[in-house]
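Okay, so here's the structure we're looking at.
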Amino acid sequence: MIKKLFTQMRNEWRSNVWLAIELLIISLLLWFVFMSLCTKLDIYLRPLGFDANHCYKLSMGMVNSKSTEAKDYNNRSEVNDDVEELVERLRHYEGIEAVSLSCSSHPYNGSNNWNPCRIDTMTVDCVYRQITPDFIKVFRYEGANGETPGQLAEKVNAGGIFVSESFLDLYGKDIKEYVGKEMVSVFDSTWSPKIEGVFKTVRYSDFDNGFSSRSFLVKPKWRFGNDAELCIRVKPEADNGFMERFIKDKETRFRVGGLYISDIKSFEDIRANFHQSDYNSLRNAVTIAVFLLLNIFLGLFGTFWFRTQQRRTEIALHKALGATNSDVFIRLVSEGLFVLLITVPFTVAIASLIYYYGLFFSEDSWYTGVEKIILISGITSFAVIALVIVIGIYFPARKAMGISPAEALRDE
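The numbering of the sequence shown is our numbering, which starts it at -6 and goes up by one.
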């Protein structure tokens, strides 16, 4: 049967070549559609490294200097004193679990601090987060060696630099091997603190591709002022109705000197606003992908339907010579799948060249294990095409096999 199949395919080589070219183009197109979707899915499903549930961001304001309630601050230190007093009051408020101050550090933040650093000969562009130790408790960072948020916070409070587990992933190095060594700032070579520990990788946001996850934590020597980020974590059992209760109490319980709480936002709302453009982009990508998949499916389905319809006489001859319906179906499907198989080496070669020269790959793909994504996307695209081939052959073949051989030959 195989020998006869190859002989027939050789005799019909012109139509098979055009079919192979069509399958090659469709395979590449499908491959890149699935590559785009798989990349976004892979990024979204990766661990965040933090927990912003039951967390809120508070905004601090200063009473207008013309107001009778204004406080005349003589220096910055007095403002810092009031900020710390406000934090202490928040710690004792009913339902609050932890309170932190930070600078451009909380999740879903449009503002951040960058500092390229060097370890040995390796330079890393990284985000640095200046925080109070309780920041780790608020967002529940964990140590790479199994430290709880509380244990990690104690270590950060003792001083030193703590870096993310992914810090040297571009170099294929384990950052844990460099604990105790110096890290030098590219901007200021006199700043060269020792790495005191490693925490689990923290992503910048839900759609962060990993580039922004290379970061380090430091407790600054200076004190935070009223322009700092003030974040709190609420106990789960106290979260229901917390904002309403807090807004009622903030005027009477959280006015310190000329300092007051001007606003409160949940991180659920902050997250939704931060990712609005990402959601729109994802929705557009999925819409385009579905549209392309539908057109590819209909086009490929129609090709094999028409191809099988034209072979009614051939099917009738096979049945007249004693072939069963299964034999005929297997022969037709085998021919279609074999043509697809012929295109595989060419598709892989073209995709490899595109990968090698960095064409058509999104920036996200380079930070998500691109080889794995390419493999999964390739297998998925060929599986989908194979399924469409089987479906496109099955229905017209089944209809043709329902006609008696004599009738099919007479119609021909």
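Ideal placement from N, C-alpha and C gives every residue a C-beta, glycine not left out.
Judged by pairs of C-beta atoms under 8 Å, the region 158 to 170 does not touch the region 212 to 223, as fewer than three such pairs exist.
In this structure, Phe25 is the residue among Phe25, Arg7, Ile19 with its C-alpha nearest to the C-alpha of Tyr348. Contact check for Glu175 and Lys166: beta-carbon distance about 16 Å, past the 8 Å limit, so the pair fails to qualify. Taking C-beta atoms as the reference points, Ser259 and Tyr49 count as a pair closer than 8 Å. Annotation: Phe339 to Leu333 spans about 11 Å, alpha carbon to alpha carbon. Bounds of the beta strand (DSSP E) holding Arg226 are 222 to 227.
According to DSSP, Thr116 shares a beta bridge with Arg111. By the neighbour-count criterion, in which 16 or more other beta carbons inside 10 Å mark a residue as buried, Met115 falls on the exposed side.
When rounded, the separation of the alpha-carbon atoms in Arg111 and Ile124 is 22 Å. If only complete runs of 3 or more residues are kept, the region 8 to 41 shows no beta strand (DSSP E) anywhere.
In the DSSP assignment, Leu79 falls within the alpha helix (DSSP H) that extends over 69 to 84. Membership of Ile254 in any alpha helix (DSSP H) is not indicated; the residue belongs instead to the beta strand (DSSP E) covering 252 to 259.
Ala13 is positioned such that its CB atom lies closer than 8 Å to that of Thr336.
Note on Asp118: under 16 other CB atoms within 10 angstroms of its CB, so exposed under the neighbour-count rule.
Take Gly54, set aside five residues on each side of it, and the residues of its chain with a beta-carbon closer than 6 Å to its own are Tyr253, Ser255, in chain order. Of all C-beta pairs linking the region 62 to 78 to the region 238 to 245, fewer than three are shorter than 8 Å, placing the two stretches out of contact.
Boundaries for Lys214: no alpha helix (DSSP H) harbours it, and the DSSP string shows neither H nor E there. Only residues of its own chain outside the window of five on either side were considered, and among them Pro100, Phe132, Arg133, Tyr134, Val195 have a CB closer than 7 Å to the CB of Phe43, listed in chain order. Under DSSP, Lys174 shares a beta bridge with no residue.
A Cβ-Cβ separation of about 6 Å places Phe294 in contact with Val381 under the 8 Å criterion. Taking a cut-off of 8 Å on C-beta distances, the region 19 to 33 does not touch the region 225 to 236, as fewer than three cross pairs fall below it.
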